[in-house]
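In this note's numbering, the protein residues as written are 177 to 327.
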């Protein structure tokens with residue numbers, strides 16, 4: 177058998193085989209693509225499920241902590257500034273603009289109390305009902321002028 181005879185017999189076989197492979201590729205590629213998309217979606221959903229399980233475990237641990245009386249007391253002290261009877265609370269607010277002012281300037285800028293504490297409270301309630309009105313220059317809560325007595 178010569179080379180020309182082999183080409184003639186192999187030519188149609190190769191052509192038919194390549195046509196079959198091309199048809200298979202045309203029909204299988206969309207299915208394969210859909211399968212790959214579904215696999216990635218399954219992976220994403222599995223990751224979301226595991227994240228939600230971790231969040232649920234953290235929430236359950238937080239709920240268990242709130243069942244402990246010592247934890248509740250600690251949170252009340254930190255968040256609400258509660259103190260136990262007999263304790264003296266101190267609040268340090270950090271650095272402020274007052275740290276940069278000299279003592280002489282501070283002494284001249286301290287406002288003098290102009291009214292009793294209950295008058296200041298009443299005035300603040302009146303102003304809260306009318307936001308257009310500016311507050312007076314007095315400082316609420318300083319007590320009566322220079323008496324040094326406590327209410």
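For every residue, glycine included, the Cβ atom is placed at its ideal position computed from N, Cα and C.
CB contact flag (residue i, residue j, <7 Å)
i           : j           : result
residue 344 : residue 241 : Look at the range of the chain in this structure, 177 to 327, and you will see that residue 344 is not part of it.
Contacts around residue i, its chain only, beta-carbon distance under 6 Å, and the 5 residues preceding and following it disregarded
i           : result
residue 325 : Note that residue 325 scores 46 on pLDDT, short of 50, meaning its location in the model is unreliable and no value can be drawn from it.
residue 323 : Bear in mind that the predicted position of residue 323 carries a pLDDT of just 45, short of 50, making it unreliable; the figure below should be weighed with that in mind. There are no such residues.
residue 208 : none
residue 188 : none
residue 195 : none
residue 302 : none
Integer Cβ distance of residue i from residue j, believed to fall under 8 Å
i           : j           : result
residue 265 : residue 255 : Not really, about 14 Å apart at Cβ, beyond 8 Å.
Residues near residue i in its chain [Cβ-Cβ closer than 8 Å; skip 5 each side]
i           : result
residue 220 : none
residue 259 : 253 and 265
In the stretch 238-281, which residue ranges form an unbroken alpha helix (DSSP H) of at least 4 residues, counting only runs that do not cross its ends?
-> 245-256
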